[in-house]
Structures are given as structure tokens and as C-alpha cells.
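K.L.:
First, the structure itself, so that you have it in front of you.
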Amino acid sequence: MAAKTTLNAKNLESLGAQRLAELLIEVSMGSAAHKRRLRMELAGNHGSAEVAREVRKRLASIARARTLINWHKVKALKSDLETQRKTIAETVAADDPQEAFELIWQFLVLADSIFERSNDRGGSLIQSFHQACEDAAAIAGSAKIDAHVLADKVFKAVQDDSYGQYDNLIAAMVPALGKDGLDRLKTLFVQWSKEPKDRPAEEERKVIGWGSGGAIYQDEIAGTHRDLTVRIALQQIADAQGDVDAYIGQHPEETRKAPMIAADIANRLLSAGRAKEALQTLDGADRRGWAEMPFEWQLARVETLEALGRAEEAQTYRWACFERSLHAGHLKAFLKRLPDFDDVEAEEKAFAHARAFPDVHQALVFFLNWPALAEAAKLVAIRKAELNGDLYELMTPAAEALAEKHPLAATMVLRSMIDFALDNSRSSRYKHAARHLADCASLAPHIDDFSNIRSHDAYVAELKRRHGKKHGFWRLVP
253 MAAKTTLNAK NLESLGAQRL AELLIEVSMG SAAHKRRLRM ELAGNHGSAE VAREVRKRLA
313 SIARARTLIN WHKVKALKSD LETQRKTIAE TVAADDPQEA FELIWQFLVL ADSIFERSND
373 RGGSLIQSFH QACEDAAAIA GSAKIDAHVL ADKVFKAVQD DSYGQYDNLI AAMVPALGKD
433 GLDRLKTLFV QWSKEPKDRP AEEERKVIGW GSGGAIYQDE IAGTHRDLTV RIALQQIADA
493 QGDVDAYIGQ HPEETRKAPM IAADIANRLL SAGRAKEALQ TLDGADRRGW AEMPFEWQLA
553 RVETLEALGR AEEAQTYRWA CFERSLHAGH LKAFLKRLPD FDDVEAEEKA FAHARAFPDV
613 HQALVFFLNW PALAEAAKLV AIRKAELNGD LYELMTPAAE ALAEKHPLAA TMVLRSMIDF
673 ALDNSRSSRY KHAARHLADC ASLAPHIDDF SNIRSHDAYV AELKRRHGKK HGFWRLVP
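Take any residue in the sequence shown, count from 1 to its spot, add 252: that is its number in this note's numbering.
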């Protein structure tokens with residue numbers, strides 16, 4: 253009987269078309285989303301033109317809406333947008349690419365009206381528009397949109413990119429634009445960059461803030477935004493055209509010395525077979541303010557050394573970087589290039605170095621992420637006095653990871669958080685500390701030897717002795 257009542261397509265078929273239709277009407281009552289979906293399916297029976305008409309109506313309706321999109325409405329709107337986007341990309345585009353291109357552009361234009369009345373903190377809504385950019389590019393190729401017409405549309409869209417909805421549009425459109433389209437797009441952005449900036453009369457300028465240099469005017473922000481938009485667009489076009497020098501030219505001289513920018517430039521030079529210039533760029537980076545250069549810069553350096561045939565130097569540099577940072581990426585790359593069996597010895601050496609690393613928490617992160625839970629447990633046991641229970645964002649997942657096979661180490665980690673909360677009277681954390689104490693109680697039967705720490709009962713007794721008057725905590729203890 254259970255198998256016959258399981259909700260699946262085969263069992264529902266047994267109800268018959270008429271009963272299923274009645275049920276769909278009943279289920280869709282009170283649900284605008286379900287009704288729209290049913291209308292879309294009905295439209296599909298009459299061809300893609302009817303489907304396109306339904307999509308166009310819905311997009312126009314969304315564009316006209318003015319009500320605030322609160323956080324609890326975001327999920328429904330996201331579902332609605334995805335239904336329209338997928339219908340355009342999968343149904344309409346298959347039959348009529350030209351119509352689909354117009355519809356997907358109408359979809360993209362919705363972004364401003366939606367973000368003006370919503371707070372997309374989770375980024376779920378903008379993901380739909382970024383995917384729509386990819387869809388638009390694919391549809392443009394199928395529809396054989398004229399390269400210059402397409403370039404003009406892309407240019408106008410990026411000009412008006414108020415919320416980042418078109419961040420990936422140029423990169424997505426590269427195949428559809430082709431050489432002529434990219435050249436046209438580059439020309440449009442260069443021309444825009446040379447246009448005089450609008451500056452109102454002094455008495456009409458609007459102050460929108462204050463900085464160390466005095467008033468900040470709205471027209472100044474608009475001008476800065478335009479400059480940045482042009483620079484990023486020309487960088488993307490340069491990448492698409494494989495023009496490394498044009499990409500570099502879009503970075504001011506001083507900006508090129510920032511480690512992350514230097515790494516980006518070096519990677520492009522390396523891809524172009526210009527390894528010597530890549531190394532010069534990296535060596536010219538400004539190290540001021542960096543105790544340790546960012547991983548991206550270090551990675552670009554070792555790859556450049558490899559390209560120059562300086563493999564041994566690259567290996568030495570990888571190990572030095574690992575010793576300073578405990579970055580797993582460097583160690584994995586180092587071990588990968590060692591002969592068989594040498595990597596085992598090197599890994600043991602790396603673990604020994606991590607166990608003695610000055611920052612015990614950085615070492616713990618390394619062992620958890622490697623993963624090497626036995627080593628993490630050993631670290632906790634050796635250096636438990638250094639554990640900072642205030643770092644709950646690290647300690648909580650550490651305890652969870654260790655609990656199954658290393659209950660003693662997990663208990664030590666949990667106790668560090670309990671002790672911190674009580675020793676510092678952090679009442680806001682008492683409920684978490686009480687939960688951690690309950691977790692310790694659950695782990696206790698799995699610990700054969702508490703070694704040099706108190707048993708669970710003795711630990712609780714000591715807590716009561718030291719913090720017995722913290723009734724807010726004890727009320728929460730099961």
C-alpha cells in the first residue's frame with residue numbers, strides 16, 4: 253500500500269487526466285506562482301510565440317511593481333525570476349532566438365527596478381542576472397545579432413551598471429561579439445572616457461559627504477565611477493583580445509605596484525610567454541604594509557620561477573612561504589614535486605614545524621584543513637594552555653571535527669570556550685557554554701584516560717567552586 257501512495261510521476265498518472273487537472277486547480281488556488289506556472293505550461297501547448305507573450309507580460313508586471321521587497325519575499329521573487337529566465341533560455345530560444353534575445357534583454361533591464369526596492373544581502377537575486385548575462389551571450393550567438401548592434405547594447409548596459417548586474421556581461425559576450433564587436437566596444441569606451449565630465453554651477457553642486465579634504469560632491473563621485481567603469485571594461489576587452497600591454501596600460505603606474513595587481517599582471521605576462529617581465533613586475537611590487545605578501549603574489553612568483561627553469565629556487569621559495577604562513581597550498585605544491593617517499597618525510601617535517609608554530613590557532617587551522625585530525629589533537633594536547641576560547645568561530649568547528657575520533661582533544665577545545673565565557677562573565681555566551689558543557693558530558697564516556705586534565709565530574713565541580721554564583725549560566729545547564 254505504501255508504494256502505491258508514494259508521490260511520484262508513475263503513481264500520479266494512475267489518477268487520470270481529469271482528476272489531476274482538478275487537483276492542480278485546487279492546489280494552485282491562492283498561489284499566484286503556481287497559477288503562473290500552469291499558464292506557462294498551457295501557453296507551451298500553443299507554441300513558443302504564446303510562451304513568449306506570457307513571459308513578456310510577466311516581465312512587464314515585475315517592472316511596474318513598486319512595493320518593497322522584504323527579505324521574506326526574496327525567495328519567491330527569485331523563484332519567479334528563475335522561471336522566466338529558464339523559459340526564455342530553454343524554451344523560447346530553441347524555437348525563436350531573435351525573440352528570446354529581446355526577452356532576455358527585457359529581463360536584464362529589470363535589475364534596477366528590483367534592486368531599488370530590495371536588499372539582496374545574500375546575493376541570490378543578482379545571481380539570476382549574472383546567469384542571464386551568460387544566457388544573453390549564448391542567445392546572441394544563436395540569433396546571429398550584428399556585432400556592432402550587440403556592442404552598442406553591451407556598452408549602454410555597462411554604462412548603466414548601477415548594482416553590478418552586468419559585471420560579467422563583457423566577458424560572457426566575447427564569443428558573440430567577435431573581433432569586430434570587441435573593436436567597436438573598445439572604441440565606444442575610449443570615446444566615453446574622453447567626453448567632458450558634467451559639472452554643475454558651483455551653487456548647484458550637491459554635497460553628499462565630507463572627507464579629510466573637505467566636501468565630497470555628487471558630480472565628483474559620478475566622474476570617479478565613470479573612470480572606474482571605463483578602466484574595468486577596457487581591461488576586460490584587453491583580456492578578450494589577448495592584449496597584455498593594453499591591460500597593463502589600464503592600471504596607473506603606482507597601482508601596478510600593489511601586490512595583488514602585480515600578481516594579476518604577472519600572470520598575464522606569464523601566459524603570453526613573457527616570464528622575465530613577469531618576474532620584474534613581481535619584484536617591483538610595493539611590500540610596505542605587508543608582513544607577508546599575499547598568497548596570490550607568492551603563487552605567481554613560484555609559477556614564474558618554474559617558467560624560467562628555476563625549479564629548485566621555486567621549491568625553496570615554496571617551503572619558505574609555508575614555514576612563514578602555514579599555507580596548505582604551498583605545502584601541497586611542494587610535496588607534489590618531490591620524488592616518491594621523499595614527500596612522506598617532508599610532510600612529517602612540515603607537521604613538526606606546524607606543531608611548534610608561534611600562533612597555535614593558525615597551526616590548528618592548518619591541521620583541520622589539511623586534514624590531519626590526529627595532528628590537530630596532538631597540537632591541542634600539547635598546547636592547550638594557549639587556546640583562546642574567545643575564538644568560537646574556530647573552536648566550535650574544531651571540536652566538532654575532533655569529537656568522533658579524538659574526544660579528549662575535543663573536550664579540551666570545548667572547555668577553552670566554557671572557561672573564557674565564565675572567567676570573563678560573558679553572559680551572552682552562557683547558553684553556548686552550557687551547550688558545550690553538555691557536549692563534554694556526552695564525550696566523557698568515550699575517554700579512557702583524561703591524562704593531565706580533570707575528569708568531567710571534577711571539572712564540573714571546579715566550575716561550581718569558581719563560578720557557582722553565575723546563576724544565569726547554571727540555569728541553562730541540563
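Don't be surprised by glycine CBs; every beta carbon is placed ideally from N, CA and C.
Source: prediction; values computed, not measured.
Compute the Euclidean distance between the alpha carbons of K325 and A363, then round it to the nearest angstrom.
P.N.:
16 Å
K.L.:
What is the rounded straight-line gap between the Cα of L616 and the Cα of A341?
P.N.:
Taking the straight line joining both Cα atoms gives about 47 Å.
K.L.:
Which runs of the beta strand (DSSP E), 3 residues or longer, sit entirely within the region 513–539?
P.N.:
none
K.L.:
What do you get for A399, buried or exposed, if any count of 16 or more other CB atoms within 10 angstroms of its CB means buried?
P.N.:
Around the beta carbon of A399, 16 or more other beta carbons sit within 10 angstroms, so the residue counts as buried.
K.L.:
Measure the C-alpha to C-alpha separation of A686 and F725 and round it to an integer number of angstroms.
P.N.:
Using only the alpha carbons, I get a separation of about 7 Å.
K.L.:
Exposed or buried, which one is A428 when buried takes at least 16 other CB atoms within 10 Å?
P.N.:
buried
K.L.:
When the distance is taken between beta carbons, is L522 closer than 8 Å to A559?
P.N.:
yes
K.L.:
Can you list, in chain order, the residues of its chain whose CB lies under 6 Å from that of A498, leaving out five sequence neighbours each side?
P.N.:
Beyond the five residues adjoining it in sequence on each side, A498 comes within less than 6 Å, by CB distance, of A490 in the same chain, given in chain order.
K.L.:
Going by C-alpha distance, which of E548, Q443, A492 is nearest V482?
P.N.:
Q443
K.L.:
Specify, as a first and last residue, the run of the alpha helix (DSSP H) that G581 falls within.
P.N.:
580–588
K.L.:
Quick test of the definition: if touching needs 3 or more C-beta pairs under 8 Å, does the region 311–326 touch the region 344–352?
P.N.:
no
K.L.:
Just the Cα atoms here: how many angstroms apart are L320 and S370?
P.N.:
Going by the C-alpha atoms only, they are around 6 Å apart.
K.L.:
Rounded to the nearest angstrom, how far is the Cβ of L434 from that of Q493, given a contact under 8 Å?
P.N.:
6 Å
K.L.:
Whether or not the region 643–659 and the region 591–611 are in contact is what I'm after, with contact meaning three or more pairs of Cβ atoms, one per stretch, closer than 8 Å; do they touch?
P.N.:
no
K.L.:
Could you spell out the range, first to last residue, of the alpha helix (DSSP H) harbouring Q214?
P.N.:
Here the chain covers residues 253 to 730 and nothing more, so residue 214 does not appear.
K.L.:
What residues in its chain sit with their C-beta under 7 Å from that of G525, if we drop five residues either side in the sequence?
P.N.:
none
K.L.:
What does the alpha-carbon distance come out to for the pair L377 and A710?
P.N.:
A710 has its alpha-carbon roughly 53 Å from the corresponding atom of L377.
K.L.:
Taking just the CA atoms, how far does F586 sit from A388?
P.N.:
42 Å
K.L.:
Identify whether S414 lies in helix, strand or coil by the three-state DSSP scheme.
P.N.:
coil
K.L.:
Classify S677 as helix, strand or coil using the three-state DSSP reduction.
P.N.:
coil
K.L.:
What do you get for W323, buried or exposed, if any count of 16 or more other CB atoms within 10 angstroms of its CB means buried?
P.N.:
Per the 10 Å Cβ criterion, exposed.
K.L.:
Measure how close the beta-carbons of Y415 and F367 come, nearest whole angstrom, since I'm counting them as under 8 Å.
P.N.:
4 Å
K.L.:
Reducing DSSP to helix, strand and coil, say where I500 ends up.
P.N.:
helix
K.L.:
Have a look at A566 and F547 and give me their C-alpha separation to the nearest angstrom.
P.N.:
Computed Cα separation, rounded: 14 Å.
K.L.:
Taking all protein chains shown into account, decide if I277 is buried (16 or more other Cβ within 10 angstroms of its Cβ) or exposed.
P.N.:
exposed
K.L.:
Name the two residues that bound the continuous alpha helix (DSSP H) containing W542.
P.N.:
DSSP places W542 in no alpha helix (DSSP H); its state is neither H nor E.
K.L.:
Within the same chain, show all residues whose beta-carbon is closer than 7 Å to that of R553, passing over the 5 residues directly before and after it, in chain order.
P.N.:
L534, Y569
K.L.:
Judging by CA-CA distance, which residue of K446, L360, L440, A390 is the nearest neighbour of D413?
P.N.:
L360
K.L.:
How is the alpha helix (DSSP H) around V230 delimited, first residue to last?
P.N.:
The chain is shown from 253 up to 730; residue 230 falls before or after that span and cannot be answered.
K.L.:
Is the separation between the beta-carbon of S694 and that of L660 shorter than 8 Å?
P.N.:
Their beta carbons are not under 8 Å apart, which means S694 does not touch L660 by this criterion.
K.L.:
Starting from the C-beta of T335, find all residues in its chain whose C-beta is less than 6 Å away, skip the five residues before and the five after it, and write them out in chain order.
P.N.:
Excluding residues within five positions, none has a Cβ falling inside 6 Å.
K.L.:
With H, G and I counted as helix, E and B as strand and the rest as coil, what does DSSP make of S707?
P.N.:
For S707, the secondary structure class from DSSP, reduced to helix, strand or coil, is coil.
K.L.:
Taking the C-alpha atoms as reference points, what is the distance between M253 and K262?
P.N.:
Reliability fails at M253, whose pLDDT of 43 lies under 50, so the model's placement of it is uncertain and no value is given.
K.L.:
List the whole-angstrom C-beta distance separating A572 from L620, where the pair is believed to meet the contact cut-off of C-beta under 8 Å.
P.N.:
That belief does not hold up - the Cβ atoms of A572 and L620 are roughly 23 Å apart, past 8 Å.
K.L.:
Assuming L583 and T556 make a contact with CB atoms under 8 Å, what is their CB distance in whole Å?
P.N.:
Not a contact, Cβ separation roughly 20 Å.
K.L.:
Any idea what DSSP makes of I356, helix, strand or coil?
P.N.:
helix
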